[in-house]
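Chains as they are written, first to last, in our numbering: chain C, 29 to 146; chain W, 5 to 224.
Glycine included, each C-beta is placed from N, C-alpha and C at the ideal position.
Note that the structure is predicted; figures quoted are calculated from it, not measured.
Please read the structure below before turning to the comments.
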């Protein structure tokens, strides 16, 4: 096994981003219904297991590289992709199940979080 | 500046600039999403993606299945009430239809104003309920960002100021109506770069969601 690196993790996330991913992120209104449908949240009652929260690193990557507004933010130095790692390194991001349809994506975001330098 | 002057400026250049910004922003955001296309699906197709996609666009307007409804009752009930109220207020109030008619040259019949007034109250109260949930529920408070509260505020203000101007409350009518249009201008400017974009992107998201499932032969 090669060593995990930030670059590798970001690349893995970047490869996953396409039209559907962009449409889903653009349509998310933070209603919390994905958590109420997720066994990790329903079993623990821990908000950090919310599926969309686990995808936050991927959402930020999409925002800063695939949206006009995000690129402006990045240019102004207002993007927080790295900073998230500190906030999140202790979060529920590692908890996912490969039985869930979202696992393919959630798993990668989880791996990214653990490889981000603090 | 008098109330009449303020109103005149808002209904003229003010709202026009906001509307142009809104259209440009929404088009930009939609192009950004659609240009990405889809990553190549290497699996054998087990059904028509486009048929399932179109069907999902329609079926997701209806209430969710019983399990989902039981899990997320307040979100679903308040969400429907708010959106129905907002739809009626925007598209079925006669002065609003007159505005659409002057811009797009198509009109449709409106509802009696007292009925729209009732729906305004429904939308306002359900929005307050949703905000209350956002701040009091541990999960929602955790998920919420500044953008969520900003989106709430810029949606709430046009409803509130519209209600106040119709009932001639608080301020002279021309001032209140001017502020109402100002609040709509603010909504339009903020719209393309916040989650308010879901009003447009939900159709793309539903299509892709249905299409991805349909290609896998998932029964929906």
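For residue 92 of chain W, the enclosing alpha helix (DSSP H) stretches over residues 77-96. Sorting C:89, C:66 and C:106 by C-alpha distance to the C-alpha of residue 75 of chain W places C:66 at the top. Of the other Cβ atoms in all chains shown, fewer than 16 fall within 10 Å of the Cβ of residue 100 of chain C; this residue is therefore exposed. For residue 59 of chain C, the closest Cβ of chain W is nearer than 8 Å.
Looking at the DSSP output, residue 115 of chain W sits in a beta bridge with W:97. With its beta carbon less than 8 Å from one in chain C, residue 152 of chain W belongs to the interface. The C-beta of residue 33 of chain C comes no closer than 8 Å to any C-beta of chain W. By alpha-carbon distance to residue 88 of chain W, the top candidate from W:69, W:58, W:123 and W:103 is W:123.
Here residue 221 of chain W is exposed. Its C-beta has fewer than 16 other C-beta atoms within 10 Å. Residue 84 of chain W counts as exposed, since fewer than 16 other beta carbons sit within 10 angstroms of its beta carbon. Chain-order list of chain C residues neighbouring residue 170 of chain W: empty, with the shortest C-beta distance near 28 Å, by a criterion of under 7 Å. When Cβ-Cβ separations below 8 Å define contact, residue 72 of chain C makes no contact with chain W. Residues of the region 192-224 of chain W that bring their beta carbon within less than 7 Å of a beta carbon in chain C comprise 197, 199, 201, 202, 205, 206, 208, 209, 212 and 216, in sequence order. Taking the Cβ atoms as the reference, residue 36 of chain W lies roughly 11 Å from residue 53 of chain C, outside the contact range of under 8 Å. Rounded to the nearest whole angstrom, the CA to CA distance from residue 20 of chain W to residue 12 of chain W is 12 Å. Closer than 8 Å to the CB of residue 140 of chain W there is not a single CB belonging to chain C. Taking C-alpha positions only, residue 152 of chain W is separated from residue 114 of chain W by approximately 31 Å. The contact set of residue 56 of chain C on chain W, defined by CB atoms closer than 8 Å, consists of 199 and 202 in chain order. In terms of Cα proximity to residue 91 of chain W, the closest of W:63, W:212, W:218 and W:203 is W:203. Judged by beta-carbon spacing, residue 134 of chain W lies beyond the 8 Å limit of residue 78 of chain C, meaning their Cβ atoms are not closer than that value. For chain C, the residues of the region 56-78 of chain W that bring a beta carbon within less than 8 Å of one of its beta carbons are 72, 75 and 76, in chain order. A check of alpha carbon separations from residue 182 of chain W across W:5, W:198 and W:10 identifies W:10 as the nearest. Bounds of any alpha helix (DSSP H) do not take in residue 45 of chain C, whose DSSP letter is neither H nor E. DSSP, read as helix, strand or coil, puts residue 65 of chain C in coil.
In the three-state reduction of the DSSP assignment, residue 110 of chain W falls in the coil class. Neighbours of residue 48 of chain C in chain W, taken as residues whose beta carbon is under 7 Å from its own, are 42, 212 and 216 in chain order. For a cut-off of 8 Å, the C-beta gap from residue 46 of chain C to residue 33 of chain W is around 16 Å, too long to register as a contact. Unbroken alpha helix (DSSP H) stretches of 4 residues or longer found wholly inside the region 67-93 of chain C: 67-72 and 79-82, given in chain order. Interface residue (Cβ-Cβ distance to chain C less than 8 Å): residue 25 of chain W is not classified as such. Under a 10 Å Cβ-count criterion, residue 158 of chain W is classified as buried, with 16 or more other Cβ atoms of the shown protein chains found around its own Cβ.
Against chain C, a Cβ distance below 9 Å from residue 135 of chain W picks out nothing, because the smallest value is about 12 Å.
With fewer than three CB-CB distances shorter than 8 Å, the region 70-85 of chain C does not count as touching the region 167-187 of chain W.
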